Amino acid sequence: MRVGVLDDYQGVAERYADWASLPRASKVRFFHDHASAEDALVERLAPFEALVAMRERTPFTASLLRRLPNLKLLVTTGARNAAIDLAAAAELGITVSGTRGLPYPTAELTWALILGLARKIAQEDRALRGGAWQTTVGSGLSGKTLSVLGLGRLGTQVARIGKAFGMQVISWSPHLTAQRANEAGVELVTQDALLERADVLTVHLVLSESTRGLLGARQLSRLKPSALLVNTSRGPLVDEVALAAALRAGALGGAALDVFDVEPLPENHVLRSAPNTLLTPHLGYVTDETYRVFYSDALEAIHAYLGGSPVRVLSA
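Per my numbering, residue 39 is the first one in the sequence shown, and the count goes up by one each step.
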């Protein structure tokens, strides 16, 4: 079987699984760069019978899948992938398998971003290296309000840590119930209250057609001018142009973003030059421990498919 491992930016996928355990006739190729144009993807991926996709870095649309006649198995790292057209894959007879993941790395990064933004760590690091000393005044968190947009597994973990910092934690999402909020020990509020009371607004919603662009210009205008926005979920949940405009106008205290509409983030993107931002290249899941799970499970999925019993199969 010909196997392609995609978007291995750090060049580490080969060491995280025993790829040599595949049948001797198998050939595995690791791609360390990213291709985005469909024609370029077809040229690159057409020979492969199995592909391993790193999260949602490469979208597999119906159009692309139809142009990959050799593809039999598509393994996505993680338990779900909104960038794969699962209905088209099923129609074409392509098996899609997922992997397990770890629950804590993204919550850890969320708090790294909150703390980094509140205490202006990146700015002070740059200033210190340039010869300056104490150029900014940061903000504390104890006694402040943490607004959690989305109280699933990740949002709940972030909320728990917020309480440990002595923050008042409130939450809202389109389907959040009072029972679920009570179980997490947070206050259920309206969407408007979530925005208006936030000292820190952290985003943890699943991306869907109903949540795409949920934080637009109108919603951002309800935040305090001192509020901090953190998004480690999905870029399209936030209107990036409206966010950049709010930052430039001083209508928002700052934004820390790990996810973007288009990834990798284009060189001329408005957020690259927006003030009071802390930007990371989608590192939420990027840890040694997560990669070990991702790639070992991906290899297991290939073995299972070859053995006639696919595992962790995803369907529309």
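Ideal placement from N, C-alpha and C gives every residue a C-beta, glycine not left out.
Predicted, not measured: the structure shown is a model, and the values here were computed from it.
Q: Please confirm whether S180 and G204 have their CB atoms less than 8 angstroms apart.
A: One-based indexing of the sequence shown puts residue 180 at position 142. One-based indexing of the sequence shown puts residue 204 at position 166. Yes; because the gap between Cβ atoms is below 8 angstroms, this pair is in contact.
Q. In whole angstroms, what separates the C-alpha of H341 from that of V134?
A. As a first step, residue 341 must be located in the sequence shown, where it is residue number 303. As a first step, residue 134 must be located in the sequence shown, where it is residue number 96. Looking at the two C-alpha atoms, the distance is approximately 14 angstroms.
Q | Contact between the segment 221 to 233 and the segment 194 to 202 (3+ Cβ pairs under 8 angstroms) | A | Touching, yes.
Q) Which runs of the beta strand (DSSP E), 3 residues or longer, sit entirely within the segment 232 to 312? A) The segment 232 to 312 contains, as complete beta strand (DSSP E) runs of 3+ residues, the segments 238 to 241, 266 to 269 and 292 to 295 (chain order).
Q: Determine the direct distance from the alpha carbon of S101 to that of L111, and round the result to whole angstroms.
A: Indexing the sequence shown from 1 puts residue 111 at position 73. Indexing the sequence shown from 1 puts residue 101 at position 63. Going by C-alpha positions, L111 is about 17 angstroms away from S101.
Q: Return the residue from the list G116, G292 and I208 that minimises the CA-CA distance to P141.
A: The residue given as residue 141 occupies position 103 in the sequence shown. Checking every option, the nearest Cα to that of P141 belongs to G116.
Q) Enumerated in chain order, which unbroken segments of the beta strand (DSSP E) with a length of 3 residues or greater are wholly contained in the segment 129 to 181? A) Counting only runs of 3+ residues, the beta strand (DSSP E) found wholly inside the segment 129 to 181 occupies 133 to 135, in chain order.
(Q) When you compare the segment 317 to 326 with the segment 295 to 302, are there three or more beta-carbon pairs, one atom per stretch, that lie closer than 8 angstroms? (A) The count of Cβ pairs closer than 8 angstroms, one atom from the segment 317 to 326 and one from the segment 295 to 302, reaches three, so the stretches are in contact.
Q. Can you check whether the CB of N314 is closer than 8 angstroms to the CB of G345?
A. Here residue 345 refers to the residue found at position 307 of the sequence shown. Here residue 314 refers to the residue found at position 276 of the sequence shown. No. Outside cutoff.
Q) Taking Cβ positions, are M92 and S64 nearer each other than 8 angstroms? A) Reading the sequence shown from its first residue, position 54 is the one you call residue 92. Reading the sequence shown from its first residue, position 26 is the one you call residue 64. No, the Cβ-Cβ distance between M92 and S64 is not below 8 angstroms.
Q: Mind checking which residues open and close the beta strand (DSSP E) that includes A91?
A: On the sequence shown, position 53 is the one that residue 91 refers to. Counting along the chain, the unbroken beta strand (DSSP E) around A91 starts and ends at A88 to A91.
Q) Do P349 and A339 have their C-beta atoms within less than 8 angstroms of each other? A) Numbered from 1 along the sequence shown, position 311 holds the residue referred to as residue 349. Numbered from 1 along the sequence shown, position 301 holds the residue referred to as residue 339. It is Val, not Pro, that sits at residue 349 in the sequence shown. Taking 8 angstroms as the Cβ cut-off, V349 and A339 qualify as a contacting pair.
**Q.** Spatially closest choice to V186 from G169, A219, V90 and G288, by CA coordinates
**A.** In the sequence shown, residue 186 corresponds to position 148, counting from 1. Of the listed residues, the one whose Cα sits closest to V186 is A219.
Q. According to DSSP, is R53 helix, strand or coil?
A. Within the sequence shown, the letter at position 15 stands for residue 53. The answer is helix: DSSP assigns R53 an H, G or I state.
Q | Residue of A282, A165, H213 and P143 minimising C-alpha distance to T249 | A | If you number the sequence shown from 1, residue 249 lands on position 211. Ranking the options by Cα distance to T249, first place goes to H213.
Q) Quick one: is Q257 buried, meaning 16 or more other Cβ sit within 10 Å of its Cβ, or exposed? A) Taking the first residue of the sequence shown as 1, we reach residue 257 at position 219. Under this definition Q257 is a buried residue.
Q) Where does P263 land, buried or exposed, given buried means 16+ other C-beta within 10 angstroms? A) Stepping through the sequence shown from its first residue, residue 263 is reached at position 225. When all chains shown are included, P263 counts as exposed.
Q: With a threshold of 16 other CB atoms inside 10 Å of the CB of T228, please say whether the residue is buried or exposed.
A: By one-based count along the sequence shown, residue 228 stands at place 190. Exposed: under 16 other Cβ atoms inside 10 Å.
Q.
Which residue wins for smallest C-alpha separation from D77, given the options D45, L239, D123 and L106?
A. Locating residue 77 in the sequence shown gives position 39, counting from the first residue. Answer by Cα proximity: L106.
Q.
Tell me which residue opens and which closes the alpha helix (DSSP H) that I122 is part of.
A. Along the sequence shown, one-based indexing puts residue 122 at 84. Premise fails: I122 is in no alpha helix (DSSP H) and is neither H nor E.
Q. Rounded to a whole number of angstroms, what is the C-alpha to C-alpha distance between V175 and S311?
A. Taking the first residue of the sequence shown as position 1, residue 175 is located at position 137. Taking the first residue of the sequence shown as position 1, residue 311 is located at position 273. Rounded to the nearest whole angstrom, the C-alpha separation of V175 and S311 is 21 angstroms.
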